[in-house]
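A.B. asks:
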Amino acid sequence: MTAQILDGKALAQELRAGFKERVAALAARGQKPGLAVILVGEDPASQVYVRNKVEACAAVGLHSGKWAYPADVDPAVVLAKIAELNADPRVHGILVQLPLPRQFDAAAVLEAISPEKDVDGFHAENLGALVQGNPRFIPCTPYGVMKLLEKGQVDLAGKKAVVLGRSNIVGKPMALLLINAGATVTVCHSKTRDLKFHTANADIIVAAVGKPRFVTADMIKPGAVLIDVGINRLADGKLCGDVDFDGCKAVAALITPVPGGVGPMTITMLLANTIEAAEREAGL
Ligand code: GUN
Numbered sequence: 003m004t005a006q007i008l009d010g011k012a013l014a015q016e017l018r019a020g021f022k023e024r025v026a027a028l029a030a031r032g033q034k035p036g037l038a039v040i041l042v043g044e045d046p047a048s049q050v051y052v053r054n055k056v057e058a059c060a061a062v063g064l065h066s067g068k069w070a071y072p073a074d075v076d077p078a079v080v081l082a083k084i085a086e087l088n089a090d091p092r093v094h095g096i097l098v099q100l101p102l103p104r105q106f107d108a109a110a111v112l113e114a115i116s117p118e119k120d121v122d123g124f125h126a127e128n129l130g131a132l133v134q135g136n137p138r139f140i141p142c143t144p145y146g147v148m149k150l151l152e153k154g155q156v157d158l159a160g161k162k163a164v165v166l167g168r169s170n171i172v173g174k175p176m177a178l179l180l181i182n183a184g185a186t187v188t189v190c191h192s193k194t195r196d197l198k199f200h201t202a203n204a205d206i207i208v209a210a211v212g213k214p215r216f217v218t219a220d221m222i223k224p225g226a227v228l229i230d231v232g233i234n235r236l237a238d239g240k241l242c243g244d245v246d247f248d249g250c251k252a253v254a255a256l257i258t259p260v261p262g263g264v265g266p267m268t269i270t271m272l273l274a275n276t277i278e279a280a281e282r283e284a285g286l
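Numbering of the sequence shown is given in my numbering, commencing with residue 3 and proceeding in unit increments.
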């Protein structure tokens, strides 16, 4: 078997083309969706992500603003900026790039964002709504994974899904979305015993562990669907995912590449959430 490749870059382009029409409909009513991005510190990966988010906004006609602070900024300064952005009618979405430096209480910062503008879907109120199966904003990476599964016509009801990783950003919301879609979900993490027992039984694996080529062909069931959330930089500068793509593609039925799989979908769903926030505000 050679797996079919689920092309996230193509799907992202298709979805973004559709966003332009929604942005035009808002423009006809004198509205322009706006995203505010807050970056604290000099983490190179975060700087790249934030730059890509700002550029993606411009490409589909969204307004965006970026506020960058040094790593040693007083958290009160960032909280004051969030309060200002919460009250600004031109801003429909607010995003604080994670991780934050150590002096920050990240949960307190995320709770300071108005839930109606929390386009990352990380506010406790929005996570609670997701738990209840009635989400206001779906966290962008898991949302992108669900769109990829939909594009691949993967029927989730009754399937065994394994999520590798239990982060608040990916693993936990991913598990909730899969449960809400009718899958039987196992969440594995660094303390899981006999990982292969779980992965070898899975119809669908979503890998978000941050370890290069962690999922190997011997760990998966023939015909499995493999979604790779990992973006790891190797010593030679090349990017690779959490899945050993070359080995696994001979065993899996469907697989996402890195780069060009989940990555482009994350920013796409951030745009979707920001446009949706603006549409809600406009009563559309
Ligand atoms: N850091 C890594 N992924 C994300 C994300 O989706 N949103 C934010 N705000 N920070 C991140």
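Every residue gets a Cβ at the ideal spot worked out from N, C-alpha and C, and that includes glycine.
Everything numeric in this text was worked out from a predicted model, so none of it was measured.
1. Report the three-state DSSP secondary structure of residue 155 (helix, strand or coil).
2. Do three or more CB pairs link the region 105 to 118 to the region 20 to 29 at distances below 8 Å?
3. Kindly give me the distance between the Cβ atoms of residue 119 and residue 93, rounded to whole angstroms, as I take these residues to be in contact under 8 Å.
4. Using a threshold of 6 Å, is the CB atom of residue 59 nearer than that to any non-hydrogen atom of ligand 2?
5. What is the rounded straight-line gap between the Cα of residue 273 and the Cα of residue 259?
6. Can you check which of these residues, 148, 201, 154, is closest to residue 178 by C-alpha distance?
7. Hey, quick one: how far does the alpha helix (DSSP H) through residue 25 stretch, first residue to last?
8. How many angstroms separate the CA atom of residue 72 from the CA atom of residue 219?
9. Suppose you measure from the CA of residue 205 to the CA of residue 233; what does that come to, to the nearest Å?
10. Specify the secondary structure class of residue 253 as computed by DSSP and reduced to three states.
11. Let me know if residue 4 comes out buried or exposed under the rule of 16 or more other beta-carbons within 10 Å of its beta-carbon.
12. Can you tell me whether residue 171 sits near ligand 1, meaning its C-beta is under 6 Å from at least one heavy atom of the ligand?
13. Please return the same chain residues whose Cβ sits closer than 6 Å to the Cβ of residue 243, not counting the five positions on each side in sequence.
14. Please report the residue range of the beta strand (DSSP E) in which residue 186 lies.
15. With distance defined between alpha-carbon atoms, name the residue in 195, 160, 265 nearest to residue 9.
16. So, using beta-carbon positions, are residue 97 and residue 39 closer together than 7 Å?
17. Measure from the alpha carbon of residue 225 to the alpha carbon of each residue in 115, 255, 59, then state which is nearest.
18. Below 8 Å on the Cβ atoms is my contact criterion, and I expect residue 37 with residue 111 to pass it. Report the Cβ-Cβ distance as a whole number of Å.
19. So what does DSSP say about residue 125, is it helix, strand or coil?
20. Mind checking who residue 241 pairs with in its DSSP beta bridge?
21. Closer than 6 Å: is that where the CB of residue 107 sits relative to any heavy atom of ligand 1?
22. What do you reckon, is the C-beta of residue 99 under 6 Å from a heavy atom of ligand 1?
23. With DSSP as the reference, label residue 95 as helix, strand or coil.
24. To which residues does DSSP link residue 162 through a beta bridge?
25. Whose C-alpha, out of 281, 83, 250, is nearest the C-alpha of residue 70?
26. On the premise that residue 28 lies in contact with residue 279, defined as a C-beta separation below 8 Å, what is that separation, rounded to the nearest angstrom?
C.D. replies: Well, looking at it:
1. For the purposes of this step, residue 155 is taken as the residue at position 153 of the sequence shown. Here residue 155 carries a coil assignment [DSSP, helix/strand/coil].
2. Because the criterion of three Cβ pairs below 8 Å is not met, the region 105 to 118 and the region 20 to 29 do not touch.
3. Translated into the one-based positions of the sequence shown, residue 119 becomes position 117. Translated into the one-based positions of the sequence shown, residue 93 becomes position 91. Right, the Cβ-Cβ distance comes to about 7 Å (below 8 Å), so this counts as a contact.
4. This structure simply doesn't include ligand 2; it includes ligand 1 instead.
5. Mapped onto the sequence shown, residue 273 falls at position 271. Mapped onto the sequence shown, residue 259 falls at position 257. Separation of residue 273 and residue 259 (C-alpha to C-alpha, rounded to the nearest whole angstrom) is 22 Å.
6. Taking the sequence shown and counting its residues from 1, the one referred to as residue 178 is at position 176. Closest option to residue 178, Cα to Cα, is 148.
7. Here the question's residue 25 lines up with position 23 in the sequence shown. Run containing residue 25: 10 to 29, per the alpha helix (DSSP H) assignment.
8. Counting from one through the sequence shown, the residue named residue 72 turns up at place 70. Counting from one through the sequence shown, the residue named residue 219 turns up at place 217. Distance from the CA of residue 72 to the CA of residue 219, rounded to the nearest whole angstrom, comes to 43 Å.
9. Taking the sequence shown and counting its residues from 1, one reaches residue 205 at position 203. Taking the sequence shown and counting its residues from 1, one reaches residue 233 at position 231. If I take the Cα positions, the gap works out to 22 Å.
10. Mapped onto the sequence shown, residue 253 falls at position 251. Assignment of residue 253 by DSSP, reduced to helix, strand and coil, places it in the coil class.
11. Counting from 1 along the sequence shown, the entry for residue 4 is found at position 2. Looking at its Cβ environment, which holds fewer than 16 other Cβ atoms inside 10 Å, residue 4 is exposed.
12. Along the sequence shown, one-based indexing puts residue 171 at 169. Because some heavy atom of ligand 1 lies under 6 Å away, the Cβ of residue 171 counts as near it: yes.
13. Counting from one through the sequence shown, the residue named residue 243 turns up at place 241. Residues 230, 232, 260 of the same chain have their beta carbon placed closer than 6 Å to that of residue 243, with the five preceding and five following residues left out of the count.
14. As a first step, residue 186 must be located in the sequence shown, where it is residue number 184. Unbroken beta strand (DSSP E) run through residue 186: 186 to 190.
15. The residue you call residue 9 lines up with position 7 of the sequence shown. Looking at the Cα atoms, 265 is the closest of the given residues.
16. Taking the sequence shown and counting its residues from 1, the one referred to as residue 97 is at position 95. Taking the sequence shown and counting its residues from 1, the one referred to as residue 39 is at position 37. Yes, the Cβ-Cβ distance between residue 97 and residue 39 is below 7 Å.
17. Working through the sequence shown from its first residue, we reach residue 225 at position 223. Comparing Cα-Cα distances from residue 225 to each of 115, 255, 59, the minimum goes to 255.
18. Within the sequence shown, numbered from 1, the residue matching residue 37 stands at position 35. Within the sequence shown, numbered from 1, the residue matching residue 111 stands at position 109. Incorrect: roughly 17 Å between the Cβ atoms, too far for contact.
19. Here residue 125 is taken as the residue at index 123 of the sequence shown, counted from 1. Annotated three-state conformation of residue 125 is coil, per DSSP.
20. Here residue 241 refers to the residue found at position 239 when the sequence shown is read from its first residue. Under DSSP, residue 241 takes part in a beta bridge, and its partners are 235.
21. Counting from one through the sequence shown, the residue named residue 107 turns up at place 105. No; taking the cut-off as 6 Å, the Cβ of residue 107 has no heavy atom of ligand 1 nearer than that.
22. Mapped onto the sequence shown, residue 99 falls at position 97. Answer for residue 99: yes, Cβ within range of ligand 1.
23. Walking along the sequence shown from the start, residue 95 turns up at place 93. Under the three-state reduction of DSSP, residue 95 is assigned to strand.
24. As a first step, residue 162 is located in the sequence shown; it is residue number 160 there, counting from the start. Under DSSP, the beta-bridge partners assigned to residue 162 are 186.
25. Here residue 70 is taken as the residue at index 68 of the sequence shown, counted from 1. Residue 70 has its Cα closest to that of 83, out of 281, 83, 250.
26. Position 277 of the sequence shown, counted from the start, is the residue given in the question as residue 279. Position 26 of the sequence shown, counted from the start, is the residue given in the question as residue 28. About 11 Å; that fails the 8 Å criterion.
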